[in-house]
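A.B. asks: Just so you know, the sequences run in chain order Z and L. Using this note's numbering, you'd call the opening residue of the first sequence number 396 and step up by one each time. Using this note's numbering, you'd call the opening residue of the second sequence number 659 and step up by one each time. Backbone N, C-alpha and C fix where the C-beta goes; we use that ideal spot for every residue, glycine too. This structure is in structure tokens; I'll ask about it shortly.
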Amino acid sequence: MTSAPQFDPITFQVLWSRAINIADEMATTLVQTAFSTVVRDNHDFAVGIYDAKGDLIAQANQSTPGQLYCMQRVMKDLLETCPSHTLAKGDVLIANDPWLGSGHTPDIFIATPTFRGDDLVGFGVTCAHHTDIGGRLAAPDAREVYEEGIIIPITKLYDKGQPNELLFQLIERNVRIPHRILGDLRAQMAANHFGGQRLVEFLDESGLDQLSDLTDAVAAQTEQNMRSQIAALPDGVFENEIELEEEDPAGKRLVICSRLEVRGDEIFIDYAGTSPQVPLPINSVLNMTTAYSTFAIKCALTPHSPNNKGTSAPIHVSAPEGSILNPTFPAAVMHRTAIVFYCVQAIFQQLAAVKPDRVMAPCGTYPLWVERFAGKDHEGNPYVVAFNAQGGQGARFDQDGVATTVFPANVSSTSIELLEAEAPLLCDRKQLITDSGGPGRQRGGLGQEVVLRNLAKDDALLSLSGGRFHIAAPGMDGGGQGTLGIIRLDGGSPEPRRRQALLGQDGTALFAYPGGGGYGPPYERDPAMVLDDVRKGYVSRERAETDYGLVLSNDGTAVDTQATIRKRAS
Amino acid sequence: MSANHRYRLGCDIGGTFTDFVLHDIEAGSLQVHKVLTTPADPSEAVETGITAMNGGGFLAETEYVIHGTTLVINAVIERKGADTAIIATEGFRDSLEMRREIRYDIYDVTAVYPEPLVARPRRVDVPERLYASGKVRTQLNEDAVRERLRELADDGVESIAVVLLHAYANPDHERRIAEIAADVAPDIAISLSSDVLPEIKEYERTATTSVNAYVKPLVERYIAKLEKRLAAQGFERGLYMMLSSGGIISPATAKAHPVRLVESGPVGGALAATKLGSEAGFDSVLMFDMGGTTAKSCLITDGQIPIAGTYEVDRVHRFKRGSGTPLGVPSVDIIEIGAGGGSIAAINDMGLLSVGPKSAGADPGPICYGRGGKIPTVTDADLVLGYLDAEFFLGGGMTLDKAGAETGIANQIAKPLDLSVREAAWGIHEVVNENMASAMRMYVTEKGGDLSIAAVVAIGGAGPGHATDFARRLGAKTLLIPRGAGVYSALGFLVAPVSFEHARTHITNLQTASADAIQQNFAELQAETADVIRDAAPDAELSFTLAADIRYTGQGAALRIPITDDFEPAVLTRAFLDAYAERYGNAYDDMPVQIVTYRATSTAATEIPALALPFSGEDINGALKGVREAYCPLGHQMISHHVYAMDKLPTQGNLAGPVIIEEESSTLVVGAGGEVIIDRRGWLVVTLADEEPRS
């Protein structure tokens, strides 16, 4: 266990909240200077400040967990390739190799070393999901990573202030909307620069020489907290197998086998028995598998403590090489949330036995839905947009599931007005779906329905994402399942799987986002709450009766309590 | 000065008290007063207070009354607004509930979000559609609008927010709905998103317009009543309302834009604290305003009150950004938490003492008010600790029940925790101070402030009594306590200018636009704000400040660039690039630049009165009222404190703690080791004993 340098509690709190604030301000800078809706509107990014050793000091509150966790790994790899003594003022490091970073090519990591005088004191680091990285526009049928755009190995984007022209040209020639991609890279550098400046001011004002003492103190406290929470759990082994709707080439459904062992103050998670990697873009590199496994544990045990190397120190994650949770190059990986989010489901289902009030029923938000459209607008200019919207979360022990809110990733939806201002698309409707939340003592969160229409003369190339087309989010502890995800193109029958398609002029794509699973038996739900759901149109009258055993008075405005009790007892 | 210009009145309605400051311009004097707020009809307390001051006869000679109120924010937090509906574009009635679909806390699976202010059955939609350009795709179905409006009216709806997609680009359909409503449902208040926040992004516009609609009938009724009561007392000149952004405005404008009154009360304190800080020679001050219901802080640096372009109300998770509802209106950037004299003390589930955020308010109030309150509060604790005088509360206007407070604390706090009554009372005092300090510490840190060099300006009824322990917990060394601290927000209203900002999204590409077109856009906005100001101050000379939010084409956010009188696109582009490089390290001239939002602020030239109440007593002994036993935390016992009357203090001199300095509206307590220096201009400078902060 890391030894903790001593700070008095108030100084420590002040320094640390200041550090978080720097990271938050970097995130604000990134949002303000970014060009793509993905970064500026959906907040699909992560931001952190690191010490000179490459350890996380603080992360921005507004970050997505997969990238956040992987950033720590990236920093280690960056410093191995470019050791700190070789770094100079004006250097900027870049990488997007899925196996080093957060598991797919659009996530580009940029780290800017920060100097105080001649001393390297830390790094401002950002990872942003870029709208396009070339290849086949996130093709849902890609077989190998080569189809998923360019891979940038760890290298310098700037060397002592001089741009790496070759790399810039390479990027420019390989992506569909180079000005946006370059604009977002610049935004990342602006955020890092800003963070670096603030870091130096922070050192000047706090009287610290370096940041590692603070990093270590935060990490030691975090680790201690995590260990004591694990130690409070009974030792034991939890096993779980989740059948996925994704299929291998032989048409057999994939499975995630997970074994979680609590031993003393450590947790061991192993995915032995999980299906071998597949020639589809859904494989999750070990970094991502570890990221979301650790995330699930942290949610259940230490949601309010910081996230850093201390969080993951007592958590050991392994997955067989060559499996969908630890694929080898050149597996396709773009839509990895179709696999990796189910690690969170697996762990929550396991921990429900010991922490029923700190987990969530399975969500309609596994996987992430990001629909990509590319084409030409009315003036013939190329556009690429990623449309984000989400289904419903699973219910909690004593709260309903949150409607249309992302989990476990953390990205925002796309504003319809911004989408329409940016691309020749029009949204016919975007509304909650009645009866989509899984019934339960606590109801699953509602999904939503969105219809997008291509207004342009040119066809729009559409890369479909999403899922739960065949297996709905199950309930927990007696709760019922949410609704399936559905995609229909031009009013046709539901798409059986993700694919790439062309949408002609006035063609429509309907997306029904899945609902979350319920928690606890629906007959235990307070009849007054069911009635309220009926009033609000969250639950239909029919389903209130069939799922919840609710009998209404003749005029439909009140609960017939006696009849409800009788129905529920029968 | 004509006879009927002799007075100006500032009046601030808080959750517990309604405060008055009457400025006699002729005599150069100020009179302060405080009465309990009357939540059922807040204008009643205004009348009561005015009547109590010189029989209210001054009103006929009063030039203007400036009024601020927590009515709006309390209505939102307590969900006591109007029965409100939303009319949306067909297919989009759920925007408010879906929010931005992101989590404010990454790891907390138990997180909850604010209940939508307008529940789903009250959100209806009508066929119509605009393109992003503002061009009509589907004509407004007026029959459907009529039908929806009739249904809503029959159902008892009092107020409607109309939020149609892309209405920022073309307000026609929204305006048509307002016309139809005037016809079929004339009693329903209407708020149009194209008036309230004509900016792109449907969720933010919906949230802001909904809050506006939610409080509109309330504010309208309230202002009408207030005007009537004032008129009945002979007041017939200008009534002004305080805006969250620090300007004051006519009642008509306030009724149309009530969402701009969200921080209407606290901004007065911030304005006055700003003025005090500059006069006392501090570059940076922290306003600490503790009233009956909430405590607010505002960090003021370089003599400027901080104004934020957006504001979040109703955070369900107290300190967590993103857990509330965003409002796209300019507002003073303050932090507010549920901690005040009325905050309720209780033993929580873990067996620990907790204080607030719930407040006993004015009715029933603390136990010691003797108005039926049964649960101990911070004020009860302060009374037991000897910090308040049972006989001199509100200058003797109200006698406090000390025995009742003691019994309440003994039974509900001291016994379960196995403490003495005094220890329990001190525990309440400490916990509320730590609650405030931890929130403010975070806030100040985020703003990059340094409290070891800043002065804390302690105001509000409970501020001076809690300031020393609060400041110590924050590591601050100096306190400024002005005379009239207990009614300081009301005092601040008197230094506010008549001022109004208006903004509109209008994308203008700077490579292709002409200076004339840009100037024209500004001129229109300028004319609109000028109308608003003329409504409030018909004869005043106006000044304008213009700004444009400029960005690289395609960026999501923009930098606010002040505009002088040169509208040349090249000049604006240059100003943007310079600001960009300054802020982000580098600017690039290979990318196109555009104006997103135009902003104009009109301000009426206002004579800002000198507002301090200078000291004029003969000598210190003349101000000595007596000696009172009060709790000393260092020795854990009651010790003797000299008690002085603030208004009788001399023009110079020092006092050493332990000392209590009372005035009608608040009481300052300085413990042993603290030092008080009298500044003749009307405030006290308190230097705290140099000791380790207690945790």
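(1) Less than 6 angstroms between C-beta atoms, sequence neighbours within five positions excluded: which residues of the same chain meet that for V609(L)?
(2) Helix, strand or coil: which one does DSSP assign to E970(L)?
(3) Please report the distance separating the alpha-carbon of T428(Z) from that of A1161(L).
(4) Give a yes or no on whether the minimum CB-CB distance between C758(Z) and chain L is below 8 angstroms.
(5) In the structure shown, what three-state DSSP assignment does A661(L) receive?
(6) By Cβ distance below 7 angstroms, which residues in the same chain neighbour A1116(L) in space, the five residues on each side in sequence not counted?
(7) Does any residue of chain L bring its CB to less than 8 angstroms from the CB of K931(Z)?
(8) Label T956(Z) either buried or exposed according to how many other C-beta atoms from any shown protein chain fall within 10 Å of its C-beta, with 16 as the threshold for buried.
(9) According to the neighbour-count rule (16 or more other Cβ atoms, all chains shown, within 10 Å of its Cβ), is G556(Z) buried or exposed?
(10) For K1016(L), which three-state DSSP category applies?
(11) Would you list the one or two residues that DSSP bridges to A1004(L)?
(12) Inspect the beta-carbon positions of V712(Z) and I677(Z) and report whether they are closer than 8 angstroms.
(13) Would you kindly work out how many angstroms separate the C-alpha atoms of E693(Z) and H699(Z), rounded to a whole number?
(14) Comparing the C-beta of Y1302(L) with each C-beta of chain Z, is any distance below 8 angstroms?
(15) Distance check for P508(Z) and L482(Z), CA to CA, integer angstroms please.
(16) 8 angstroms is my cut-off, CB to CB: does T864(L) come that close to chain Z?
(17) Which stretch, first to last residue, makes up the beta strand (DSSP E) that contains V1251(L)?
(18) Are G923(L) and D670(L) touching if we call contact CB-CB under 8 angstroms?
(19) On the criterion of 16 or more Cβ atoms from any shown chain inside 10 Å, does Q843(Z) qualify as buried, or is it exposed?
(20) Are the C-beta atoms of L580(Z) and some chain L residue less than 8 angstroms apart?
(21) Taking its Cβ as the centre, do 16 or more other Cβ atoms sit within 10 Å of Y1027(L), making it buried, or is it exposed?
(22) In terms of residue numbering, what span does the alpha helix (DSSP H) encompassing K496(Z) cover?
(23) Using the C-alpha atoms, what's the distance from F724(Z) back to T760(Z)?
(24) Applying a beta-carbon distance threshold of less than 7 angstroms, which residues of chain Z neighbour E773(L)?
(25) Quick check: R787(L) and T747(L), are their CB atoms within less than 8 angstroms of each other?
(26) When you compare only the Cα positions, how much space is there between F675(L) and G519(Z)?
(27) Check each residue of the segment 581 to 608 of chain Z: if its Cβ is closer than 7 angstroms to any Cβ of chain L, include it; give the result in chain order.
(28) For A1237(L) and S807(Z), what's the separation of their Cα atoms in angstroms?
(29) Are the C-beta of I811(Z) and some C-beta of chain L separated by less than 8 angstroms?
(30) Is the beta carbon of Q462(Z) less than 8 angstroms from the beta carbon of L451(Z)?
(31) At least one CB of chain Z closer than 8 angstroms to the CB of A777(L): is that the case?
(32) Would you list the residues sitting across from P984(L) in a DSSP beta bridge?
(33) Could you please give the first and the last residue of the uninterrupted alpha helix (DSSP H) stretch that includes K704(Z)?
(34) Using DSSP with H/G/I as helix, E/B as strand and the rest coil, what is H574(Z)?
(35) Please identify the residue among P548(Z), C477(Z), Q583(Z) whose C-alpha is closest to the C-alpha of H525(Z).
(36) How would you call R920(Z), buried or exposed, if buried means at least 16 neighbouring beta carbons within 10 angstroms?
C.D. replies: Per the coordinate set shown:
(1) With chain L covering 659 to 1353 only, the question about residue 609(L) has no answer from this structure.
(2) In the second sequence, counting from the first residue as 1, residue 970(L) sits at position 312. If DSSP states are grouped into helix, strand and coil, E970(L) belongs with the strands.
(3) Start at 1 with the first residue of the first sequence, and residue 428(Z) comes out as number 33. Start at 1 with the first residue of the second sequence, and residue 1161(L) comes out as number 503. So the two alpha carbons sit approximately 21 angstroms from each other.
(4) Stepping through the first sequence from its first residue, residue 758(Z) is reached at position 363. Not a single CB atom of chain L sits nearer than 8 angstroms to the CB of C758(Z).
(5) Position 3 of the second sequence, counted from the start, is the residue given in the question as residue 661(L). Residue confidence is low: A661(L) scores 49 on pLDDT, short of 50, so the model does not pin down where it sits. No coordinate-derived value is stated.
(6) Numbered from its first residue, the second sequence carries residue 1116(L) at position 458. F946, P1122, A1125, L1137, I1139, A1143, listed in sequence order.
(7) Position 536 of the first sequence, counted from the start, is the residue given in the question as residue 931(Z). For K931(Z), the answer is yes, since a Cβ of chain L falls inside 8 angstroms of its Cβ.
(8) In the first sequence, counting from the first residue as 1, residue 956(Z) sits at position 561. Exposed is the label assigned to T956(Z), since fewer than 16 other Cβ atoms lie within 10 Å of its Cβ.
(9) If you number the first sequence from 1, residue 556(Z) lands on position 161. By the 10 Å Cβ count, G556(Z) comes out exposed.
(10) Within the second sequence, numbered from 1, the residue matching residue 1016(L) stands at position 358. For K1016(L), the three-state secondary structure derived from DSSP is strand.
(11) In the second sequence, residue 1004(L) corresponds to position 346, counting from 1. S1012(L).
(12) Stepping through the first sequence from its first residue, residue 712(Z) is reached at position 317. Stepping through the first sequence from its first residue, residue 677(Z) is reached at position 282. Judged by their CB atoms, V712(Z) and I677(Z) are not nearer to each other than the 8 angstroms cut-off.
(13) In the first sequence, counting from the first residue as 1, residue 693(Z) sits at position 298. In the first sequence, counting from the first residue as 1, residue 699(Z) sits at position 304. A quick correction: the sequence has Lys, not Glu, at residue 693(Z). Taking the straight line from one Cα to the other gives about 9 angstroms.
(14) Taking the second sequence and counting its residues from 1, the one referred to as residue 1302(L) is at position 644. For Y1302(L), no Cβ of chain Z is located within less than 8 angstroms of the residue's own Cβ.
(15) Mapped onto the first sequence, residue 482(Z) falls at position 87. Mapped onto the first sequence, residue 508(Z) falls at position 113. Distance between the alpha carbons of L482(Z) and P508(Z) is about 7 angstroms.
(16) On the second sequence, position 206 is the one that residue 864(L) refers to. No - not a single Cβ of chain Z is within 8 angstroms of the one on T864(L).
(17) For the purposes of this step, residue 1251(L) is taken as residue 593 along the second sequence, with counting starting at 1. From DSSP, the beta strand (DSSP E) with V1251(L) extends over 1251 to 1262.
(18) Here residue 923(L) refers to the residue found at position 265 when the second sequence is read from its first residue. Here residue 670(L) refers to the residue found at position 12 when the second sequence is read from its first residue. Taking 8 angstroms as the Cβ cut-off, G923(L) and D670(L) qualify as a contacting pair.
(19) Sequence index remark: in the first sequence, residue 843(Z) carries index 448 (1-based). Q843(Z) should be labelled buried.
(20) Along the first sequence, read from residue 1 onward, the residue named residue 580(Z) stands at position 185. It does not; no Cβ of chain L falls within 8 angstroms.
(21) Here residue 1027(L) corresponds to residue number 369 of the second sequence, with the count starting at 1. Buried, since its Cβ has 16 or more Cβ neighbours within 10 Å.
(22) On the first sequence, residue 496(Z) is found 101 positions in, with the first residue counted as 1. Reading the sequence as shown, one finds Gly at residue 496(Z) and not Lys. Taken as a continuous stretch (DSSP letters only), G496(Z) belongs to no alpha helix (DSSP H), as it is neither H nor E.
(23) Taking the first sequence and counting its residues from 1, the one referred to as residue 760(Z) is at position 365. Taking the first sequence and counting its residues from 1, the one referred to as residue 724(Z) is at position 329. Pairing T760(Z) with F724(Z), the inter-Cα distance amounts to about 28 angstroms.
(24) Counted from its first residue, the second sequence places residue 773(L) at position 115. For a Cβ distance threshold of 7 angstroms, nothing in chain Z lies close to E773(L): the least Cβ distance comes to about 11 angstroms.
(25) Along the second sequence, one-based indexing puts residue 787(L) at 129. Along the second sequence, one-based indexing puts residue 747(L) at 89. The answer is yes: Cβ separation under 8 angstroms.
(26) The sequence position of residue 675(L) within the second sequence is 17, counting from 1. The sequence position of residue 519(Z) within the first sequence is 124, counting from 1. The alpha-carbon atoms of F675(L) and G519(Z) are separated by roughly 48 angstroms.
(27) Cβ proximity to chain L below 7 angstroms picks out R581, A585, H588, F589 from the segment 581 to 608 of chain Z.
(28) Residue mapping note: residue 1237(L) aligns to position 579 of the second sequence, counting from 1. Residue mapping note: residue 807(Z) aligns to position 412 of the first sequence, counting from 1. The alpha-carbon of A1237(L) is positioned some 28 angstroms away from that of S807(Z).
(29) To locate residue 811(Z), count along the first sequence from 1; it is residue 416. Yes, its Cβ sits closer than 8 angstroms to a Cβ of chain L.
(30) Taking the first sequence and counting its residues from 1, one reaches residue 462(Z) at position 67. Taking the first sequence and counting its residues from 1, one reaches residue 451(Z) at position 56. Contact: no.
(31) Counting from 1 along the second sequence, the entry for residue 777(L) is found at position 119. For A777(L), at least one C-beta of chain Z is nearer than 8 angstroms to its own C-beta.
(32) The residue you call residue 984(L) lines up with position 326 of the second sequence. Within the DSSP bridge table, the entry for P984(L) names E970(L) as partners.
(33) The sequence position of residue 704(Z) within the first sequence is 309, counting from 1. The continuous alpha helix (DSSP H) containing K704(Z) extends over residues 704 to 707.
(34) Numbered from its first residue, the first sequence carries residue 574(Z) at position 179. Reduced to three states, the DSSP call for H574(Z) is helix.
(35) Translated into the one-based positions of the first sequence, residue 525(Z) becomes position 130. Each of P548(Z), C477(Z), Q583(Z) was checked against the Cα of H525(Z), and the nearest Cα belongs to Q583(Z).
(36) Mapped onto the first sequence, residue 920(Z) falls at position 525. Per the 10 Å Cβ criterion, buried.
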